[in-house]
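Colleague: Chains as they are written, first to last, in my numbering: chain A, 5 to 899; chain B, 168 to 718. Virtual Cβ for every residue (Gly too), placed ideally from N, Cα, C. Predicted, not measured: the structure shown is a model, and the values here were computed from it. So that we are looking at the same thing, I have put the structure below in structure tokens.
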Amino acid sequence: MTPYSLSTPAAGLPDAELARAAQRGEKKAFVEIVARHQAMVCGIAFGILTDFAASEDAAQDAFLTAWRKIHHLREPELLRAWLGQIARTAALGYRRRLHGEVVTDNFAEEADPAPQPDEAAADGDEAALVRDSLTKLPEQFRVPLVLFYREGQSVRSVAEALDLSEDAVKQRLARGREMLRERVTGMIESVLTRTRPTAVFTMLIAAAIGALTAPAVIAGSVFTAAAAASASAASAASASTAAGGATSSATTVATAMSTSKSTLTIAAAIAAACLPLGYGARMGMETRPPDSVRRPDAQSAVAAAKAPAKPDFSDSALYAEWKKLHDEHGSTAEDMPALFQAIADIKDPVRRRIFRAAQSAEWAELSPEGGFAFFMEKGRDSGQREQFFSEWMRRDPAAAVAALSGGGEGWDGLARKNLTEIARRVPGSLASLAAKMPKSDNHWANEVRDAFAILAESGLEAARAAAEGVIGPQREQALAGIAKAWARTDPDAAIAWAKALPEGVDLHNIIRAALLGVAATAPASALGRVKDVPPGGREGYFADTTGARVLQEAGKTNYDATVAWLAAHPESFSREDLLGMADAVTQRLNDDPAAFLARHMADGSLSALMPAIGSALMNQSGYQRPVIWDWLKTQPSDPALDQLRSEIINSAGYQNPDFALQIARDLPDTPEGKKFSDSLARSLMSASQMPHNLDSLMAQAPDTLKPALVEAALMGLNQKNFADPQKWLALLPQLRDEIRENMTARVARAWTEQAPEEAVAWATALPPGAERTAAIGYVTNAWAVGDSWRASEWVDTLPAGAERDKAAEWLVQAIAQESPDEAWDWAQNIGDETQRNSAMLNTLLSMRRRDPSAIADTLAGARITPQERAALLEKLDQMPVEATPPPATEATPIR
Amino acid sequence: MKTSRLYLIVLAVCGLTAGFVVRRMQHPPAEPMPDLSGISEDPAAPAAPGRAQPHVASALAAELEQQLAISPGVNRWLLWMSALEKAKLADLPQLARMAKGDSVLLRIIGARWMELGPQHLFDTIIAADSARPRDTAFPGDRLADYLFEEWTRSDASAALAALNSSPADTGFLQNMRHQVVNGIIQKDPEMGLKCLADWHIDNYGPSMDGITAWAEKDPRHAAEFALAHPAGYATQTALGAIGKVWAARDPEAALTFAAGIKDKFGTALANGIAKEWAAKDLTKAAAWLSAADPSVRRMLSGPVLEEWAKTDTTGAMQWIEGHLAGGTMDEAVGAVLAGVAARDVSAAAALVSGMDASLARARAAVSVAKKWMPSHGSNQPVSAEAVTWLGTLDPDSLKHVLGEVQWQWSGNDPKGYADFLTTPAGAAAPSYALATAARSIARGDPQAALKWAAEVQSARRLEALEGVLQEWNNSQPAAALDWAKQLPARDPRRESYYTAVLEQFATHETASTAAKALASGNPEAARKALNGQQLPPEARAKLDAWLTKVQ
């Protein structure tokens with residue numbers, strides 16, 4: 005019995021008794037066996053595999069095999085030797101699998117970058133050195149050496165485990181140590197000692213055989229077993245492994261507890277030491293599959309509940325093919341290009357892709373530099389390059405980043421994709437890498453900013469210094485990252501810092517980044533500060549103004565608070581800014597349109613959200629239009645709801661003509677309904693098929709919509725879609741009298757833009773009268789806008805009279821702004837006094853707008869009476885600068 | 168001693184429990200898996216539409232997860248390989264979640280899912296998209312990209328049927344339609360064009376590779392089919408591609424067909440044909456064009472002459488002289504210069520410089536300027552040589568040029584564009600050109616934009632200022648108002664500000680902001696600005712009432 009035995013009756017029993025108890029199915033007895041012999045089993049496995057993680061995997065296999073086969077043990081007294089044999093078999097089996105899988109000449113299964121349970125005790129360099137050195141030793145010397153240190157330097161226990169005499173063990177140890185270079189020995193001894201398996205290992209086996217019941221009890225019993233085993237080791241005190249620390253001190257502590265006045269300190273130490281054990285216990289439990297997927301029979305239960313079992317690919321056809329590929333093309337670094345090509349030639353996408361991924365990992369293990377050089381060659385697929393690099397990053401980020409810094413084809417793309425990961429894993433290289441990166445062509449690229457924000461989160465001062473040291477095109481992004489991260493905790497300081505930065509970067513952009521940081525923690529504060537920065541953004545880009553970006557972040561952080569702020573501060577944001585809410589609104593609108601709308605109608609925020617709703621309806625929420633339209637039918641008239649009706653109508657007209665026509669049938673025959681019909685028709689006609697789709701729409705549209713459709717079609721005519729004049733002219737008689745003239749002007753304009761001579765021929769062929777005069781005016785105006793030379797020449801050919809006056813008046817209207825002097829000449833020559841005065845006034849207004857001093861000279865040289873001059877000046881004085889009156893005789897100028 | 172041991176035990180248990188709790192807090196257990204009882208016994212059986220359950224527990228996935236936790240490097244992939252080989256349909260949703268967004272892995276899972284049952288993948292994606300609360304861990308978007316990319320390739324009809332028969336018509340599905348169309352049109356152009364028309368996809372430009380191969384078989388049929396299923400931009404592009412193919416086989420018949428279609432689709436078809444024919448057999452193309460009626464000549468001379476000018480500028484110009492007149496001739500000159508510019512833009516610029524001011528020169532200048540502009544989105548400035556040349560253009564040519572290139576120029580290099588407008592040549596710039604510059608600068612820095620406006624040629628300064636204020640008032644009305652309030656009462660910029668506010672009022676009806684602006688400072692200036700605006704009567708009455716109140 006160990007002196008601190010708790011509830012486990014097995015603790016302290018001889019091996020043979022434990023073995024017999026285990027043969028009766030007593031799991032706790034087997035846990036005791038594990039705790040007692042795990043160091044030996046792991047040691048044998050490590051001696052063969054020379055890899056900490058792999059040795060524990062093999063040791064776990066060995067113990068699970070032992071549990072399953074414990075009833076085969078005929079001489080329980082020889083338990084230790086029996087376990088040693090199983091361990092050796094398991095390790096060799098593991099090595100064979102490795103041999104077939106990846107490498108042929110060593111045991112170097114790659115260590116995961118995240119430290120394995122025991123490898124955490126040895127840093128990467130030490131582990132590599134130990135592995136390399138031990139690999140070079142013959143197995144007969146390596147195994148005793150490993151066992152010796154892992155078994156607390158007990159020659160006897162090593163001898164028992166290997167079925168050797170103690171003298172033989174001593175000889176082999178001596179020879180093995182001689183074979184290691186002097187300077188390496190000390191480190192190997194230290195590492196081997198520190199990497200002994202701990203209670204967590206015991207716990208995993210206990211979990212696997214189903215010996216665990218309740219966390220505290222489990223932990224307690226395992227703790228006891230592991231502590232007993234550890235206490236028997238001579239100097240197991242490895243401070244780097246909390247469990248080891250706790251167990252090695254257990255005896256001392258137990259004694260001290262009864263006598264020392266430092267009870268509280270010791271108690272705290274014990275509790276602290278046990279904490280990682282509890283953590284490990286929980287972790288072990290998490291790896292078990294859920295109850296719902298366990299198989300019911302006892303044997304399966306062990307299999308399902310066991311801790312991560314060794315992968316077995318023996319029944320995998322894909323694995324067999326993978327192995328065959330290696331058999332055919334080789335497994336060394338030099339063979340990788342040929343293997344790569346063989347994989348590329350596979351037609352089946354599943355196999356090709358997964359083999360390619362596996363080969364990237366393999367290559368990154370075997371020869372990362374060689375692989376990198378291969379994938380960085382010109383013409384290589386960028387996706388495969390990224391895949392390889394990500395594998396290298398997993399394995400050895402520092403080396404990967406160092407290679408990346410050397411440049412090469414597509415290096416900056418790789419750097420950009422991995423920059424945030426680099427900030428986490430190789431932070432020291434971030435600044436120099438960023439400084440080398442060219443400016444991205446992508447307006448939305450924020451990788452550098454985000455990477456520096458990550459850097460700042462782990463140490464503001466150092467990150468700030470690093471960002472301030474970045475020169476080149478990424479400097480602004482680097483500083484923006486600092487501002488963004490800093491502003492989350494201290495907005496004022498971050499913004500003050502940004503404002504004080506030296507020139508050379510757009511300080512507004514850095515302050516904008518700070519606002520995004522604020523928005524992520526205190527939305528209302530960020531929203532209130534938006535006006536302090538220019539609007540920003542690029543015209544034509546969706547939601548990239550300062551306001552939109554801050555709103556987007558604020559909406560993500562706290563939607564309700566953001567909406568409440570918007571409702572309380574109407575008109576603080578432009579329509580473009582409010583599009584920043586589109587994502588948040590889309591998601592909620594799609595979840596439950598009626599509830600969403602009713603809620604925002606009730607709290608008064610619907611109007612503020614309308615731009616975002618409109619955007620949602622044109623995009624991801626388009627399919628909700630029928631639901632929303634039905635909901636709207638139940639709602640009263642209200643400005644905000646009418647706005648929503650318009651949004652539905654516009655988006656349906658543009659995207660879903662079938663539903664738009666349904667809406668048209670719902671619209672009442674009232675002035676209000678007419679307004680919506682007009683809007684609907686304009687949307688239907690704004691689609692790019694116009695006017696190709698007019699006939700089909702007219703065939704399906706309700707009568708109430710048809711006039712609006714014709715009107716909208718004519719309104720939308722232009723040079724490119726005009727094509728067939730007769731078709732449009734034929735529509736004019738169908739129009740209401742009050743708009744027919746305006747629509748005639750539209751047809752004339754489009755026709756003139758396309759073929760002015762033809763349009764002129766049409767106008768002049770009309771029967772004499774008001775309609776022909778008006779048509780001549782429209783054609784002249786449109787022609788003069790596009791080609792004032794030919795339009796002027798043509799007007800000059802017209803005989804004096806009403807038609808010439810009309811044409812001249814419209815000509816002046818078209819050219820006054822760009823060519824006021826020429827316009828003035830034309831205006832003076834108009835015969836009709838009213839039209840002449842109107843044209844002259846029009847021209848003078850354009851002159852005043854450009855150069856007020858020119859007016860006096862113009863009037864001084866004009867062929868007009870003093871009265872006319874005075875009247876013009878008086879009228880001019882009454883007209884504000886922006887005024888541009890239409891020709892005197894027309895109410896609807898062509899614009 | 169016994170008491171001490173008891174303490175030891177208790178404290179140890181406390182520590183263990185605390186550790187246990189900490190781990191649990193750091194890694195809360197996943198949401199409980201739903202009961203499996205409702206799931207088919209045969210997980211490989213194809214799921215009925217809508218029945219796919221993305222939350223089904225998978226023993227395979229659970230085992231894989233355990234193994235992955237201890238398997239680095241290549242073993243990680245071998246484990247995935249083995250798991251995917253064994254996976255049934257019911258395992259795949261959980262495996263997809265386990266990929267945690269790894270794009271390589273997701274493509275592999277997607278490929279395996281496609282092998283086992285694309286309909287099941289589709290149903291799972293739709294189920295996850297419709298799930299409330301959202302299943303954010305399931306990478307539906309990315310799997311959908313893969314699904315439709317592959318499905319349209321392997322079985323387009325099934326993909327189409329799935330999309331059309333899905334009971335949920337979500338925005339997600341609508342997005343997918345674009346992708347499906349893009350895939351289908353490669354393989355079955357007729358089906359693709361029909362989908363575009365049926366789904367009312369008007370502004371989409373799928374790849375035309377499939378269209379070309381389809382048109383090779385029977386270009387007339389291809390053109391007729393495309394015209395019978397109009398779908399906006401895609402149809403135009405398709406007709407261009409068809410025209411190119413048709414031109415190689417029987418250009419004359421093709422052009423005759425195209426000339427009979429009196430709309431933009433006909434123009435698109437005819438342009439494709441004419442361009443191709445001219446490139447291959449200029450003499451015949453020109454001869455055909457010479458004999459065509461004037462409206463056909465007007466429509467088709469551009470593409471033919473552009474090709475012609477690439478090799479024989481003089482011949483192209485002589486043909487123009489002999490066959491075209493009026494506006495059509497001007498357009499044709501522009502096309503010739505486009506051909507010359509494609510070969511040597513500096514030489515083309517020199518040709519334009521030697522022309523007299525006319526519409527033909529303006530069209531020619533537009534062709535040269537377009538060639539000289541860095542591509543949209545490149546963020547490259549216009550070369551100094553080009554800027555100098557633009558400065559030598561006559562006002563009317565410059566007006567036409569700026570009308571065509573202002574967005575491209577100001578988008579790539581707003582400062583360069585704005586600076587050009589402050590040069591003497593900028594005095595001839597049309598108002599919209601100034602407004603574009605004002606907007607682009609004011610968005611980035613209103614104060615800088617105000618400074619820029621002050622540097623514009625005096626005759627245009629006021630316009631520039633109003634452009635700046637319009638943009639500022641539109642984007643940050645409060646900040647713009649603050650600025651206006653600080654101006655001296657008689658500062659003429661107040662009037663510009665009011666004008667800008669009223670302009671916004673007329674278009675956006677942000678009445679209260681406008682009212683606040685009008686109520687501050689100098690009401691007389693506001694009144695003057697109001698009188699000059701064309702406003703709806705009710706809006707004018709409202710503003711008038713406010714002004715009366717503040718006066």
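Could you list which residues in chain B have their beta carbon closer than 7 Å to that of A/Q723, in chain order?
Modeller: Correct list: empty, because the minimum Cβ distance to chain B is about 10 Å.
Colleague: Quick one: what does DSSP say B/Y599 is sitting in, helix, strand or coil?
Modeller: Reduced to three states, the DSSP call for B/Y599 is helix.
Colleague: In this structure, how does DSSP classify A/I486 when only helix, strand and coil are distinguished?
Modeller: Three-state DSSP puts A/I486 in a helix.
Colleague: In this structure, does DSSP put A/S371 in helix, strand or coil?
Modeller: Of the three classes helix, strand and coil, the one that applies to A/S371 here is coil, per DSSP.
Colleague: Would you call A/F359 buried or exposed, if buried means 16 or more other Cβ atoms sit within 10 Å of its Cβ?
Modeller: So A/F359 ends up on the buried side.
Colleague: Beta-carbon within less than 7 Å of B/M484's beta-carbon, same chain only, minus the 5 sequence neighbours each way: which residues are those?
Modeller: Around B/M484: V503.
Colleague: Would you please verify whether the beta carbon of A/L544 is less than 8 Å from any beta carbon of chain B?
Modeller: Per the sequence shown, residue 544 of chain A should be read as Gly rather than Leu. True, the Cβ-Cβ gap to chain B drops below 8 Å.
Colleague: I want to see whether chain B comes within less than 8 Å of A/E797, judged by CB atoms only; does it?
Modeller: It does not: the Cβ of A/E797 has no partner Cβ on chain B nearer than 8 Å.
Colleague: What did DSSP end up calling A/F317 once you bin it into helix, strand or coil?
Modeller: Correct three-state label for A/F317: coil.
Colleague: Any contact between the segment 510-518 of chain A and the segment 536-548 of chain A? By contact I mean 3 or more CB pairs, one from each, below 8 Å.
Modeller: The segment 510-518 of chain A vs the segment 536-548 of chain A: in contact.
Colleague: With a cut-off of 8 Å on the beta carbons, I'd call B/G578 and A/G544 a contact; round off their distance for me.
Modeller: With 8 Å as the limit, B/G578 and A/G544 qualify as a contact, their Cβ atoms being about 7 Å apart.
Colleague: Would you please verify whether the beta carbon of B/H490 is less than 8 Å from any beta carbon of chain A?
Modeller: Answer no: the Cβ-Cβ gap between B/H490 and chain A never drops below 8 Å.
Colleague: Quick one: list the residues of chain B neighbouring A/D61, beta-carbon separation under 9 Å, in chain order.
Modeller: Under the 9 Å cutoff, chain B gives I237, S238.
Colleague: Roughly how many whole angstroms lie between the Cα atoms of A/S641 and B/Q261?
Modeller: Roughly 49 Å separates the two Cα atoms.
Colleague: Using a Cβ-Cβ distance under 8 Å, would A/A321 count as near chain B?
Modeller: Yes, A/A321 lies at the interface with chain B (some Cβ there is under 8 Å from its Cβ).
Colleague: How many whole angstroms separate the CB atoms of A/R873 and A/L863, which I take to be in contact at a CB cut-off of 8 Å?
Modeller: Their Cβ separation, rounded to whole angstroms, is 5 Å, which keeps A/R873 and A/L863 in contact under 8 Å.
Colleague: Along the chain, which unbroken stretches of the alpha helix (DSSP H) at least 4 residues long are found entirely within the segment 352-422 of chain B?
Modeller: As far as the segment 352-422 of chain B is concerned, its whole alpha helix (DSSP H) runs of at least 4 residues are 356-365, 376-384, 386-395, 399-416.
Colleague: Since B/N640 is in the alpha helix (DSSP H), which residue starts that stretch and which ends it?
Modeller: It spans 625-642 - the alpha helix (DSSP H) in which B/N640 sits, taken as one unbroken run.
Colleague: May I ask you to list, following chain order, the residues of the segment 428-453 of chain B that have a beta carbon less than 8 Å from some beta carbon of chain A?
Modeller: Going along the segment 428-453 of chain B in chain order, one finds K429, D430, K431, F432, G433, T434 with a Cβ nearer than 8 Å to chain A.
Colleague: Give the straight-line distance between the Cα atoms of A/A70 and B/Y313, rounded to the nearest whole angstrom.
Modeller: Each residue's alpha carbon lies about 47 Å from the other.
Colleague: According to the neighbour-count rule (16 or more other Cβ atoms, all chains shown, within 10 Å of its Cβ), is A/W448 buried or exposed?
Modeller: Exposed, because fewer than 16 other Cβ atoms sit within 10 Å of the Cβ of A/W448.
Colleague: Look up A/R867 in the DSSP assignment and say whether it is helix, strand or coil.
Modeller: Coil, per DSSP.
Colleague: Mind pulling the chain A residues with CB within less than 8 Å of B/P306?
Modeller: By Cβ distance, chain A contributes nothing, its closest Cβ being about 16 Å from B/P306, past 8 Å.
Colleague: Mind checking if A/E822 is an interface residue toward chain B, Cβ cutoff 8 Å exclusive?
Modeller: Yes, contact with chain B.
Colleague: Considering just the uninterrupted stretch of the alpha helix (DSSP H) at A/E81, what are its terminal residues?
Modeller: Element bounds for A/E81: n/a, residue is neither H nor E.
Colleague: Since A/A831 and A/A843 are thought to touch, with beta carbons under 8 Å apart, how far apart are those beta carbons, to the nearest angstrom?
Modeller: Between A/A843 and A/A831 the Cβ distance is about 4 Å, and since that is below 8 Å, they are a contact.
Colleague: What does the Cβ neighbour count give for A/R854, buried or exposed, with the cut at 16 atoms within 10 Å?
Modeller: It counts as buried.
Colleague: Using a Cβ-Cβ distance cut-off of 8 Å, determine whether A/H512 contacts chain B.
Modeller: Chain B contact via Cβ: present.
Colleague: Using 8 Å as the threshold, is the C-beta distance between A/R78 and A/M44 below it?
Modeller: For A/R78 and A/M44, no; Cβs fall outside 8 Å.
Colleague: Measuring CB to CB, does B/A408 end up less than 8 Å from B/A441?
Modeller: No; because the gap between Cβ atoms is not below 8 Å, this pair is not in contact.
Colleague: Buried or exposed: where does A/E338 fall if 16 or more other Cβ atoms within 10 Å of its Cβ makes it buried?
Modeller: When all chains shown are included, A/E338 counts as exposed.
Colleague: List the residues of chain B whose Cβ lies closer than 8 Å to the Cβ of A/G540, in chain order.
Modeller: In chain order: R610, G611.
Colleague: How many whole angstroms separate the CB atoms of A/L531 and A/A558, which I take to be in contact at a CB cut-off of 8 Å?
Modeller: Yes, A/L531 and A/A558 are in contact; Cβ-Cβ is about 6 Å, under 8 Å.
Colleague: Going residue by residue through the segment 493-519 of chain A, where are the continuous alpha helix (DSSP H) segments of at least 4 residues, counting only ones entirely within it?
Modeller: The qualifying runs are 495-503.
Colleague: Interface residues of chain E around A/R160 at Cβ under 9 Å?
Modeller: Of the protein chains in the structure, A and B, none is chain E.
Colleague: Determine the contact status of B/R510 and B/S564, defining contact as a CB-CB distance below 8 Å.
Modeller: Not in contact: B/R510 and B/S564 (Cβ atoms no closer than 8 Å).
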